[in-house]
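*Asks:* One structure is given below, represented as structure tokens, and several questions about it will come after.
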Amino acid sequence: MSHAPIGAKPMPLKRLNEAYVVELDGIGFGMLDEQWRKLRCLVTGAAITDAIGGTPTQAEQVEWFLSNRSSVEQVAAAKFDQRTFENDGSIRVGTRDLNPHLFAF
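As structure tokens, then:
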């Protein structure tokens with residue numbers, strides 16, 4: 001994971017399109033940066049499960065994602081602004097990102 005220098009200018013992301021892909025480890029979606037470069041993002045299945053609670057089916061996870069996509073994209077954009085990328089350059093939205101209240105003590 002890499003980070004940007006402190007004081008780096010935030011670069012907002014925009015939704016690439018309405019497409020999403022159900023993957024083994026979550027739901028993938030695309031975003032665009034200010035230079036119109038495509039960025040692969042993924043919200044983990046664990047993050048969605050923790051947001052829903054219980055043991056949701058894959059269909060319920062997809063329904064939750066579609067209903068909460070804008071919020072997930074905002075978290076992805078914040079990670080982009082912080083320059084918090086995976087080794088492959090993608091952004092992974094995990095349960096600590098999406099559900100910080102579960103980790104507050």
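Using the numbering used here, the first residue of the sequence shown is number 1, and each one after it goes up by one.
C-beta: ideal position from N, C-alpha, C; glycine also.
Evaluate G53 with the Cβ neighbour count: other Cβ atoms within 10 Å of its Cβ, from every protein chain shown; 16 or more gives buried, anything less gives exposed.
*Replies:* Indexing the sequence shown from 1 puts residue 53 at position 53. When all chains shown are included, G53 counts as exposed.
*Asks:* Are T95 and A19 closer than 7 Å when you measure CB to CB?
*Replies:* Taking the first residue of the sequence shown as position 1, residue 95 is located at position 95. Taking the first residue of the sequence shown as position 1, residue 19 is located at position 19. Against a cut-off of 7 Å, the Cβ pair of A19 and T95 comes out as no contact.
*Asks:* Between which two residues does the alpha helix (DSSP H) harbouring F29 extend?
*Replies:* Along the sequence shown, one-based indexing puts residue 29 at 29. Per DSSP, F29 belongs to no alpha helix (DSSP H); it is in the beta strand (DSSP E), G26 to L32.
*Asks:* Which whole-angstrom value describes the C-beta separation of L16 and M31, a residue pair presumed to lie in contact below a C-beta threshold of 8 Å?
*Replies:* Here the question's residue 16 lines up with position 16 in the sequence shown. Here the question's residue 31 lines up with position 31 in the sequence shown. The C-beta separation of L16 from M31 comes to about 6 Å, placing the pair in contact by the 8 Å criterion.
*Asks:* Under 6 Å Cβ to Cβ from G28, same chain only, skipping five residues before and after it: list those, please.
*Replies:* Counting from 1 along the sequence shown, the entry for residue 28 is found at position 28. Closer than 6 Å at the Cβ level, and outside the excluded window around G28, lie V21 and L42.
*Asks:* Can you list, in chain order, the stretches of the beta strand (DSSP E) that have 3 or more residues and sit fully within the segment 49-86?
*Replies:* Listed in chain order, there is nothing to give.
*Asks:* Looking at the structure shown, is G16 part of a helix, part of a strand, or coil, going by DSSP?
*Replies:* The residue labelled residue 16 in the question sits at position 16 within the sequence shown. Contrary to the premise, residue 16 reads as Leu rather than Gly in this sequence. Assignment of L16 by DSSP, reduced to helix, strand and coil, places it in the strand class.
*Asks:* So the candidates are E23, W36 and A51; which of them puts its Cα closest to the Cα of P100?
*Replies:* Taking the sequence shown and counting its residues from 1, one reaches residue 100 at position 100. Closest by alpha carbon: A51.
*Asks:* CB A76 to CB V93, shorter than 7 Å?
*Replies:* Counted from its first residue, the sequence shown places residue 76 at position 76. Counted from its first residue, the sequence shown places residue 93 at position 93. Cβ distance < 7 Å, so A76 and V93 count as in contact.
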